[in-house]
Structure formats: C-alpha cells, structure tokens
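Here the protein sequences line up with chains A and B, keeping their order.
Counting in our numbering, the first sequence runs from 1 upward without gaps.
Counting in our numbering, the second sequence runs from 1 upward without gaps.
Each residue gets a CB set at the ideal place from its N, CA and C atoms; glycine is no exception.
Source: prediction; values computed, not measured.
Step one of this worksheet: look at the structure below.
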Amino acid sequence: MKHQLEIDSVQKSFATKRILSDVYLRTETGNIIGILGRNGCGKSTLFKIIFGTLGAENKFVRIDNVIHKKPYFTREITYLPQDNFIPKHLKVSHAITLYISKDKREEFLNDVLIERIKHQKIKHLSGGEQRYLEIKLILYTSSKFVLLDEPYNGLAPNKIDLVNQLILDSAKHKGIILSDHAYSNVLHVANRICLINNGALYDIKDKKELVRFGYLTDAMLASV
Amino acid sequence: MYILPFQQLTNTQRLTIALVAFTGIGLALYVLMEHIRKTNDAYFYFNQGVTKLQLYAFSLVLNLIVAIIIYLVFK
C-alpha cells in the first residue's frame, strides 16, 4: 500500500520578505523528489515547515489524508537537517540503539564503516563519518517519509555513491524529498525535480527549464 | 537515634534544602534544554517524535524526583 504526503498552501515570510508563496507538493512512498533552488530561496524553511518545527502563516500537511500540525510527532516523517544533529556526547552504538528497531539492527550494522565506528563517541568522528551515520540512521527509521536537507554535505565521493544507493534502496518503501546544492547528485537520484524560484515551487519536466529559470547554465547542464 | 548530623534537621530546613536543590537543578536543566533547543541536537529528539514541550516536561519531572529524594534522605 502506498502512503501519501501532501503539503498545501504553504505561506511563509520573514519580516517583510515573502519566502514561500502558496507552495503545493504531493508525493507518495516510492518517489524521490529533488528540490533545487538558490541560496536563501526557502528550501530548508520548507523542510522545517513540513516536519513541523517551524511555523508558517498558512500550511496544511497531510499524511494519508490526515492533517497534522506537528507531523514529526507522528514519527511518520523524519528530517535530516543541514548540520550535524546527533549530540556529541553520545556513543555511535547508543544512537543506533535509540533509532533503529531490533529487527533492522543487524542489517544496519552490516556495514564496514559503521562496524568500524560503532564503539566511538560522536565527537570523535570525522565530518564525513558523522554525516554518513546520520543519513543511514534517518533512512533506517520506520518513518514513511524522509526529508534530506543537504545530505551530501561533507561527504567524500566514494561515500556519495553509498548514500545514493541507500536513498534508492530506501525509496522502495519510503517517500523521499531531498535538497542539495550538489545538483548533479540530486538530478541523478531523484525521479522528480522541483525548483523553488521567487517563493513558488515549480515542477521541472525538462532539465532545460533549470537553465531557463537561471538556476544552471548550459555548460553546467551539459556536464550532468 | 541520628547517625548523621544532617538527619537532625527540622522540617523547614529540609524543605529549604530541597527547594534550593530544585531551583539549582532546575536552572541547570533549563540551560541544558535551551542549548538543545537552539542547536541541531533538538532534531535528534524530534525525529523520535518527542516535542519541545515533552523535553521541558521530562526535565521538570526529573528535577521534582531529585528534589523529593533530597527531602526524604534528610529525614
């Protein structure tokens, strides 16, 4: 059975500046939506509004047609913020115990990198190790939908391939919305692309539209 | 018979000590909660379905338990 996430009529301003204007987005489990946009266009703001930790002048978030004011409270949606979020004093094994259910733990630990770091404290991990752990934790939770805000931040190229594979595997039973300035990765992994421009969310049917909106140049698009 | 000197305290003294402990621990927990709330650490708990209110409520309950234990130990 497919689950649905619907975000409707999102309006958000900071002081007098309108960041998001009447944004509508609908997705379901099995989909990977890539959201692109310039710095400060409202991508992270939109994610926090969907997750429920940031208010908006107006918003409706529905999961399977049920409106939720704070969707994160339902545990049906999880969010990877831009910056590292696991408390530094925790041990990796403790974070895994808190996040991953027993039936998935063995599969989660069947990973060379995780196996190597599982007895270390978070504060002793490198930025890339920490990011990889966070992405894997978020993708292995039992939530139906996952919001990934700049997941490729600080990841080495070999880890990027692993993360892309994790995202693709998770999308078999989850709905994923991701955003990153590494547009080539987003274009590679997503099966639908949206662009935030001047507060509005546009569905991108053809990648050439990204050039028309001024997000990419012809040369950048050719290299993807 | 009293084994330790603090066991001879009056009810008012015990209550005062418990209140001082409650206030001190409360302030420390408030600072910790504000730190969690203002940093990304909060998302670690939000992703497990814990709300901001529950974080504060948890620290309040913890503080109350400690204050009650202190009050009872001085009996």
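| Query | Result |
| --- | --- |
| May I ask you to list, following chain order, the residues of the region 22 to 34 of chain B that have a beta carbon less than 7 Å from some beta carbon of chain A? | none |
| Are the C-beta atoms of B:F46 and some chain A residue less than 8 Å apart? | yes |
| Who pairs with A:F51 in a beta bridge, going by DSSP? | Partner(s): none; A:F51 has no beta bridge. |
| Is DSSP giving A:T27 helix, strand or coil here? | strand |
| In three-state terms, what does DSSP make of B:R37? | helix |
| Rounded to the nearest angstrom, what separates B:F58 and A:L113 at their Cα positions? | 34 Å |
| By DSSP, does A:N58 sit in helix, in strand, or in coil? | strand |
| Please list the residues of the region 49 to 65 of chain B that have a C-beta atom closer than 7 Å to any C-beta atom in chain A, keeping them in chain order. | G49 and T51 |
| Does chain A have any CB closer than 8 Å to the CB of B:Y43? | yes |
| Just list the alpha helix (DSSP H) runs in the region 62 to 120 of chain A, keeping only unbroken ones of 4 residues or longer that don't cross its boundaries, in chain order. | 92 to 99, 102 to 109 and 112 to 117 |
| Which two residues bound the contiguous beta strand (DSSP E) that contains A:V163? | Run containing A:V163: none in the beta strand (DSSP E); it sits in the alpha helix (DSSP H), P157 to S170. |
| Rank A:N191, A:L178 and A:I122 by C-alpha distance to the C-alpha of A:P81 and give the top, closest one. | A:L178 |
| How many Å lie between B:Q48 and A:F73 at the Cα? | 8 Å |
| The alpha helix (DSSP H) that contains B:A67, what's its start and end? | K52 to V73 |
| For the region 179 to 191 of chain A against the region 21 to 35 of chain A, are there 3 or more C-beta pairs whose distance is under 8 Å? | yes |
| In this structure, does DSSP put A:N191 in helix, strand or coil? | coil |
| What does A:L133 touch in chain B if you count any residue whose Cβ is under 7 Å from its own? | Those within 7 Å of A:L133 in chain B number zero; the least Cβ separation is about 12 Å. |
| Among residues of its own chain, excluding the 5 on either side of A:P151, which ones have a beta-carbon nearer than 8 Å to its beta-carbon? | L80, R131, I135, V163, I167, L178 and D180 |
| Distance cutoff 8 Å, beta carbons only. Does B:N40 sit that close to anything in chain A? | yes |
| If I follow the unbroken alpha helix (DSSP H) through A:I135, where does it start and stop? | G127 to Y140 |
| Show which residues of chain B have a CB atom less than 8 Å away from the CB atom of A:T78. | N47 |
| Counting pairs of beta carbons, one from the region 194 to 209 of chain A and one from the region 19 to 36 of chain B, are three or more of them closer than 8 Å? | no |
| A:G10 bridges to which residues according to DSSP? | Contrary to the premise, residue 10 of chain A reads as Val rather than Gly in this sequence. Paired residue(s): A:V23. |
| Between A:L98 and chain B, is there a C-beta pair that is closer than 8 Å? | yes |
| By how many angstroms is the C-alpha of A:F85 removed from the C-alpha of A:H94? | 14 Å |
| Cα separation between A:I77 and A:S143? | 5 Å |
| Closer than 8 Å is the cut-off here; do at least three beta carbon pairs connect the region 50 to 70 of chain A with the region 112 to 127 of chain A? | no |
| Express the C-alpha separation of B:I17 and B:K38 in angstroms, rounding to a whole number. | 31 Å |
| Along the chain, where does the beta strand (DSSP E) that runs through A:A200 open and close? | A200 to I204 |
| If the cut is a Cβ gap below 9 Å, which residues of chain B does A:R75 touch? | N47, Q48 and G49 |
| Among A:K172, A:F14, A:K43 and A:R26, which has the Cα closest to the Cα of A:D149? | A:K43 |
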